[in-house]
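Just so we're aligned: 305 in our numbering is position 277 of the sequence shown, and the numbers increase by one with no gaps anywhere.
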Amino acid sequence: MQKILDAILADELDAIATLPVPESYRGVTVHEEDTAMFDGVATKDKDPRKSLHLDDVPTPELGPGEALVAVMASAINYNTVWTSIFEPMSTFGFLKRYGKSSPLALKHDLPYHVVGSDLAGVVLRTGPGVNAWKPGDRVVAHCLDVQLEHADGHNDTMLDPEQRIWGFETNFGGLAELALVKSNQLMPMPDHLTWEEAASPGLVNSTAYRQLVSANGANMKQGDTVLIWGASGGLGSYATQFALNGGATPICVVSSPEKAELVRSMGAELIIDRSAEGYRFWKDEHEQDPKEWKRFGSRIRELTGGDDPDIVFEHPGRETFGASVFVARKGGTIVTCASTSGFLHQYDNRYLWMSLKRIVGSHFANYREAWEANRLVAKGKIHPTVSKVYSLEETGQAAHDVHRNAHQGKVGVLCLAPAEGLGVRDHELRAAHLPHINRFRGV
Ligand SMILES: NC(=O)c1ccc[n+]([C@@H]2O[C@H](COP(=O)([O-])OP(=O)(O)OC[C@H]3O[C@@H](n4cnc5c(N)ncnc54)[C@H](OP(=O)(O)O)[C@@H]3O)[C@@H](O)[C@H]2O)c1
29 MQKILDAILA
39 DELDAIATLP
49 VPESYRGVTV
59 HEEDTAMFDG
69 VATKDKDPRK
79 SLHLDDVPTP
89 ELGPGEALVA
99 VMASAINYNT
109 VWTSIFEPMS
119 TFGFLKRYGK
129 SSPLALKHDL
139 PYHVVGSDLA
149 GVVLRTGPGV
159 NAWKPGDRVV
169 AHCLDVQLEH
179 ADGHNDTMLD
189 PEQRIWGFET
199 NFGGLAELAL
209 VKSNQLMPMP
219 DHLTWEEAAS
229 PGLVNSTAYR
239 QLVSANGANM
249 KQGDTVLIWG
259 ASGGLGSYAT
269 QFALNGGATP
279 ICVVSSPEKA
289 ELVRSMGAEL
299 IIDRSAEGYR
309 FWKDEHEQDP
319 KEWKRFGSRI
329 RELTGGDDPD
339 IVFEHPGRET
349 FGASVFVARK
359 GGTIVTCAST
369 SGFLHQYDNR
379 YLWMSLKRIV
389 GSHFANYREA
399 WEANRLVAKG
409 KIHPTVSKVY
419 SLEETGQAAH
429 DVHRNAHQGK
439 VGVLCLAPAE
449 GLGVRDHELR
459 AAHLPHINRF
469 RGV
């Protein structure tokens with residue numbers, strides 16, 4: 029491993045193909061034997077530091093269409109939080125089902141799960157049938173693992189019945205020194221970014237791009253008013269950038285003055301601090317309070333000068349969904365990709381049908397959408413939102429921060445990279461965007 033790392037650090041990437049691949053590597057795992065460890069514990073008290081391990085695991089065999097990548101850096105996504113607290117179900121069920129789908133996939137069904145759905149690194153080896161990538165290529169990986177053997181996925185790969193999220197529904201994820209991906213997950217690493225910066229946008233940037241910009245999602249256009257929940261968080265920090273870049277007006281919902289300042293510094297002018305304004309959309313566990321929806325809607329109109337949101341960018345789920353449906357404008361779109369606070373939503377359907385609103389489901393992104401989202405990062409039009417970087421050993425703490433909503437933007441993890449700040453090739457482009465790239469740092 030050290031020789032591989034030395035070659036990468038010296039930027040002598042032609043040598044990579046000649047260096048032996050290690051038989052094992054360090055990866056962040058959950059263990060199947062631990063799946064009941066949090067039984068009876070409240071979700072908020074389930075602690076990823078107890079369930080995430082750093083193990084030495086065997087290097088998987090490389091199959092057709094696959095690539096083995098030396099991972100320099102990765103990032104925490106909420107799916108690693110879900111995996112680590114075994115909610116809403118253990119991911120070992122995903123691995124078992126995947127293992128049964130083909131002889132090639134059988135290797136994923138193991139009593140440990142190497143997690144992580146983002147990476148920046150260097151291709152070490154490619155399997156048979158891979159022509160677009162070669163050892164030594166500097167890459168990032170998006171997390172759509174797709175078979176494409178069925179007709180269903182050929183208009184939009186997200187519709188393939190064998191579509192999975194790499195490092196969540198498959199093994200050998202990115203929070204590790206090596207990772208196994210399908211070669212059609214690879215994209216060029218933006219040259220003006222460090223490893224940890226390049227590793228951080230992938231999953232959330234692609235998801236927010238499909239959800240908000242793509243015709244498969246809300247199909248945002250210039251002039252739209254977009255209500256963005258969690259506007260300084262993982263998804264929201266990219267949705268806010270897309271809205272501002274695309275000529276829309278974001279209304280950013282956050283929960284502290286520091287977060288409000290962050291989105292203001294990105295260029296957002298309309299901001300709601302949901303904690304300061306004390307919205308309580310649920311009277312108790314069972315009943316919502318439409319008066320609070322109305323108070324929220326009035327606040328939006330006050331900020332916009334009377335406009336209701338054309339698009340509501342939803343992911344908190346149960347706690348906010350009733351309000352989201354209520355405040356969307358007549359004919360507007362509520363686009364949802366998650367349910368962080370609970371997946372059984374409740375809303376008043378009269379506000380949906382009478383006002384001809386639409387609820388659109390969105391999930392990750394197809395290769396083309398992920399590629400377009402990555403290209404925006406590479407051109408310096410969308411910027412990483414890394415606030416803090418941890419070592420691989422500290423991944424449990426990093427996931428704990430995200431679980432407690434104690435982070436801003438994205439939390440990075442160094443895998444093989446020995447320090448932050450390495451990997452930049454295009455210093456001129458970096459210099460042109462440095463304040464934007466560093467906006468979330470240390471906040
Ligand atoms: N389907 C997909 O492909 C996909 C992809 C990425 C993520 N996701 C899911 O999307 C969710 C968010 O992911 P993320 O990476 O953006 O997470 P994140 O970094 O934790 O950001 C989420 C933000 O939502 C806000 N929030 C949390 N709970 C809330 C509540 N009850 N009411 C209102 N706002 C709330 C918080 O902001 P404030 O406290 O500042 O308001 C938080 O910063 C997760 O459940 C994740 O699993 C799905």
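All C-beta atoms in this analysis are idealised placements derived from N, C-alpha and C, irrespective of residue type, glycine included.
Computed from a predicted model, the values in this text were never measured in an experiment.
query                                                                                                                : result
Residues bridged to residue 277 (per DSSP)                                                                           : 253
Own chain partners of residue 299 with C-beta closer than 7 Å, once the 5 adjacent residues on each side are dropped : 280, 282, 288, 291 and 292
Residue 30 burial status per 10 Å Cβ neighbour count (16 or more: buried)                                            : exposed
Reduced DSSP category for residue 190 - H, G, I as helix; E, B as strand; rest coil                                  : coil
Local Cβ density within 10 Å of residue 188, reported as buried at 16 or more and exposed below that                 : buried
Helix, strand or coil at residue 397 according to DSSP, with G and I counted as helix                                : helix
Where residue 407 sits in the DSSP three-state scheme                                                                : coil
Residue range of the beta strand (DSSP E) that includes residue 323                                                  : No beta strand (DSSP E) contains residue 323, which is instead part of the alpha helix (DSSP H) from 318-332.
Rounded separation between residue 388 and residue 320 - CA only                                                     : 24 Å
Residue 51 versus residue 83 - alpha carbon distance                                                                 : 14 Å
Reference residue 115, options 88, 53, 190 and 70, closest by Cα                                                     : 70
Cβ neighbours of residue 294 in the same chain (closer than 6 Å, five flanking residues each side left out)          : 268
Segment limits, beta strand (DSSP E) that includes residue 386                                                       : 386-389
Distance between beta carbons of residue 284 and residue 301, contact taken as under 8 Å                             : 7 Å
Backbone CA spacing between residue 351 and residue 373 [nearest angstrom]                                           : 11 Å
Pairwise C-alpha distance: residue 461 and residue 237                                                               : 21 Å
beta-carbon residue 245 near ligand 1 non-hydrogen atom, thresh 7 Å                                                  : no
The segment 144-162 / the segment 123-130 touching (three or more Cβ pairs under 8 Å)                                : no
Top-ranked residue by Cα proximity to residue 358, from 367, 375 and 386                                             : 386
Cβ shell of residue 75 (< 7 Å), same chain only, five flanking positions each side left out                          : 428
Meets three-Cβ-pair contact criterion under 8 Å: the segment 99-118 and the segment 196-216                          : yes
Whole-angstrom distance between residue 342 and residue 251, CA atom to CA atom                                      : 19 Å
Residue 81 (DSSP reduced to helix, strand or coil)                                                                   : strand
Residues bridged to residue 372 (per DSSP)                                                                           : According to DSSP, which records beta bridges pairwise, residue 372 is partnered with nothing at all.
Pair within 8 Å by beta-carbon distance, residue 392 and residue 172                                                 : yes
C-alpha distance - residue 194 paired with residue 329, whole-angstrom precision                                     : 41 Å
Euclidean distance between Cα positions of residue 196 and residue 456                                               : 36 Å
Any non-hydrogen atom of ligand 1 closer than 7 Å to residue 13 Cβ                                                   : Not covered by the structure: residue 13. The range shown for the chain is 29 to 471.
Cross-strand partners of residue 261 (DSSP beta bridge)                                                              : Answer is none; residue 261 lacks a bridge partner.
As assigned by DSSP and simplified to three states, the class of residue 170                                         : coil
Contact test: residue 103 Cβ vs ligand 1 heavy atom, cutoff 7 Å                                                      : no
Inter-residue spacing [alpha-carbon to alpha-carbon] between residue 39 and residue 49                               : 18 Å
Sequence-distant residues of the same chain with beta carbon closer than 6 Å to residue 79, five excluded per side   : 58, 62 and 112
In DSSP terms, what residue 55 is bridged to                                                                         : 83 and 204
Buried/exposed call for residue 248, threshold 16 Cβ in 10 Å                                                         : buried
Three-state secondary structure (DSSP) of residue 418                                                                : strand
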